[in-house]
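Everything below concerns the one structure shown next.
Residue numbers (mature numbering (1 follows the signal peptide of the UniProt record, and there is no 0)): -23 to -1, 1 to 548.
Structure follows, in structure tokens:
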């Protein structure tokens, strides 16, 4: 027995000696070390390490300036603070145990801050799932392997998403996301801001498109030299006021109209709408060679002009709009994606300066069941393989929607590393966000996804639920969805946190029922005007209780929606 005890003790001591013991019994001999010339990001990083370490261990580590020559230091600094000895990108991270010290470093932008969050998430189990859910493990003893050596640079240089979660800067930093169009001004359709019609149309109608023989403010005239010169003047002023912005959008208005003046028509004959647009944009780019001028490959300008190529400082913001979201973009079965892939290949022959604008939710009906969770990863992997470095994932902005917390979390993780195990990500989120009924929610997600796949339909980002009334949103399927979610709700009765989260997803099904009921006469007759009216009242009340204030990408309040239902039902 003594031999066994001594053997186990020896093993235990050996394992202990292979660890860096950062805290033991609620105390620590370590301190946080910063270079004397530490910048704001490095100081913020040190403060964040101090805060989160205290959250876990209860120990407040002192922050000291250092020449990085002592032992028992947690050395925090950008790559340059360590003689640029680590080969990482500007947001790359370094986490390294060395000679009883912990080095946390990173690239020149936010790499060191991202390394702090990576350390706590990956090695301490500190998780931020949503604005209303985080996991902080508590232990008086904190240790890490003494051979820890993690160095990583992200695939995408610019990683952004548009969800209520990521509008919070703390959430965005923790998940290593760029802020919403960070260091960019007028991110798209910018002519409306740069040359607003209410200021210029009366005095300079020639700046605007000639439509049906009349000047029309719905689009610009790309051949107007006066508009070009005025825009250059405007941008000079704007740039002086916002010197930190390095990317400036010069892009068409979101309108199907085009200018039909003689000069524009001549350009169309040589390369379509894009030829005229690129003539205009290149003139602006030449005037500002030290700035990046961003324009759109979108709708009329989806394909490049074979004649005029973009200047080297022109960024092409390529928009994957009308693509079937139930299938990977790369899949040959995704017929809707074919023209976008073709257009993207043509643009790649002219430039490598791309920014992809991708769509991950239904744009006008952001609440109804939209089963695209399993195409998020293959689409990001497709962009990675295509050489894309900058990407924006269109969500539903500062409002809640169908599984918006889950999608924000999964997208953020995949933007940082598209090769992560997506099912593990989903399961981890569901376990922590839905607790004891996480398998029920997973069953619901998979059931909706499977029913959609069985329908053979295309998942359109602009579709109304009524388009799917005979498919995955049929009467029987709706009943099945209700059964799964209501069963989960009953299991957590009395737990207000989980009840609220499940009720939000139940509202997703309610919204589909209401939209189909008011747009399909047969379904309307089945439910009855009074039934739809009452359901709408309950819907609005429940929506408020779970924090849903807007529908349709922020364009419709709950109350406005209720009035639309009342008008339809006559109640």
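No residue lacks a Cβ here, since even glycine has one placed at the ideal position from N, Cα and C.
Between residue i and residue j, what straight-line distance do the alpha-carbon atoms span, to the nearest angstrom?
i: residue 264; j: residue 211; result: 12 Å
i: residue 446; j: residue 474; result: 32 Å
i: residue 236; j: residue 203; result: 15 Å
i: residue 324; j: residue 397; result: 29 Å
i: residue 62; j: residue 72; result: 13 Å
i: residue 110; j: residue 449; result: 31 Å
i: residue 13; j: residue 279; result: 51 Å
i: residue 40; j: residue 28; result: 11 Å
i: residue 575; j: residue 207; result: Nothing can be reported for residue 575: it is not among the residues displayed for the chain, which extend from -23 to 548.
i: residue 542; j: residue 321; result: 42 Å
i: residue 220; j: residue 268; result: 10 Å
i: residue 205; j: residue 337; result: 35 Å
i: residue -2; j: residue 6; result: 7 Å
i: residue 477; j: residue 377; result: 13 Å
i: residue 568; j: residue 251; result: Residue 568 cannot be examined here, being either before or after the span of the chain that is shown, -23 to 548.
i: residue 357; j: residue 239; result: 42 Å
i: residue 140; j: residue 481; result: 16 Å
i: residue 517; j: residue 539; result: 7 Å
i: residue 156; j: residue 504; result: 45 Å
i: residue 490; j: residue 303; result: 21 Å
i: residue 494; j: residue 92; result: 50 Å
i: residue 49; j: residue 10; result: 10 Å
i: residue 213; j: residue 355; result: 41 Å
i: residue -9; j: residue 124; result: Here residue -9 scores only 46 on pLDDT, less than 50, and its place in the model is too uncertain to base an answer on.
i: residue 568; j: residue 534; result: Because the chain here runs from -23 to 548, residue 568 falls outside it and cannot be looked at.
i: residue 1; j: residue 8; result: 14 Å
i: residue 253; j: residue 19; result: 46 Å
i: residue 381; j: residue 506; result: 31 Å
Starting from the Cα of residue i, find the closest Cα among the options and give me that residue.
i: residue 601; options: 332, 10, 374, 457; result: A question about residue 601 goes unanswered here, because the residues of the chain that appear run from -23 up to 548.
i: residue 108; options: 89, 146, 99, 79; result: 146
i: residue 371; options: 224, 50, 136; result: 136
i: residue 243; options: 270, 284, 44; result: 284
i: residue 514; options: 498, 530, 488; result: 488
i: residue 75; options: 58, 328, 52; result: 52
i: residue 520; options: 510, 509, 502, 483; result: 483
i: residue 439; options: 384, 486, 408, 341; result: 341
i: residue 215; options: 240, 183, 172, 294; result: 172
i: residue 292; options: 320, 302, 378, 259; result: 259
i: residue 428; options: 454, 420, 444; result: 454
i: residue 94; options: 148, 512, 198; result: 148
i: residue 194; options: 163, 161, 234; result: 234
i: residue 301; options: 287, 318, 290, 289; result: 318
i: residue 496; options: 534, 441, 507, 533; result: 441
i: residue 43; options: 92, 163, 70, 78; result: 78
i: residue 462; options: 31, 294, 485; result: 485
i: residue 290; options: 271, 407, 500; result: 271
i: residue 530; options: 432, 225, 400, 379; result: 379
i: residue 568; options: 544, 230, 328; result: What the structure shows of the chain is the stretch from -23 to 548, and residue 568 is not part of that stretch, so it cannot be assessed.
i: residue 288; options: 299, 297, 273, 261; result: 261
For the alpha helix (DSSP H) containing residue i, list its first residue and its last residue.
i: residue 345; result: Neither: residue 345 is in no alpha helix (DSSP H) and is coded neither H nor E.
i: residue 473; result: 473 to 496
i: residue 460; result: 452 to 468
i: residue 407; result: 399 to 411
Can you tell me where the beta strand (DSSP E) with residue i in it begins and where it stops?
i: residue 241; result: Segment 239 to 264 is the alpha helix (DSSP H) holding residue 241; no beta strand (DSSP E) there.
i: residue 336; result: 331 to 336
i: residue 385; result: It is not in any beta strand (DSSP E) - residue 385 instead sits in the alpha helix (DSSP H) that spans 381 to 393.
i: residue 127; result: 126 to 129
i: residue -4; result: -5 to -1
i: residue 355; result: That residue, residue 355, is in no beta strand (DSSP E); its alpha helix (DSSP H) goes 353 to 362.
i: residue 551; result: In this structure the chain extends from -23 to 548, so residue 551 is not present and cannot be described.
i: residue 119; result: 119 to 122
i: residue 10; result: 8 to 11
i: residue 297; result: 291 to 297
i: residue 278; result: Where residue 278 is concerned, there is no enclosing beta strand (DSSP E), given that its DSSP letter is neither H nor E.
(request) Please determine if the region 106 to 126 and the region 28 to 38 are in contact, where contact requires at least 3 C-beta pairs separated by less than 8 Å. (result) The way I'd put it, the region 106 to 126 does touch the region 28 to 38; three or more beta-carbon pairs between them come closer than 8 Å.
(request) Give a yes or no on contact between the region 409 to 427 and the region 465 to 477, applying the rule of three or more CB pairs nearer than 8 Å. (result) yes
(message) Using 8 Å as the cut-off, can you tell me whether the region 373 to 393 makes contact with the region 177 to 185, which would need three or more C-beta pairs spanning the two stretches below that distance?
(response) Touching, no.
(request) Please determine if the region 325 to 332 and the region 308 to 315 are in contact, where contact requires at least 3 C-beta pairs separated by less than 8 Å. (result) no
(request) Please confirm if the region 87 to 97 is in contact with the region 348 to 363, defined as three or more CB-CB distances below 8 Å between the two stretches. (result) no
(message) For the structure I just gave you, are there three or more beta carbon pairs, one from the region 126 to 133 and one from the region 190 to 204, closer than 8 Å?
(response) no
(request) Run through the region 18 to 97 for me and flag every whole beta strand (DSSP E) of 3 or more residues, listed as ranges in chain order. (result) 40 to 42, 50 to 53, 70 to 75, 78 to 83
(request) Mind listing, in chain order, the continuous beta strand (DSSP E) runs of no fewer than 3 residues lying wholly within the region 124 to 203? (result) Runs found: 126 to 129, 135 to 138, 185 to 188, 191 to 197.
(request) Decide yes or no for the touch test of the region 347 to 360 against the region 95 to 109: beta carbon pairs closer than 8 Å, at least 3 of them. (result) no
(request) Pair every Cβ in the region 77 to 86 with every Cβ in the region 43 to 58, then say whether three or more of these pairs are closer than 8 Å. (result) yes
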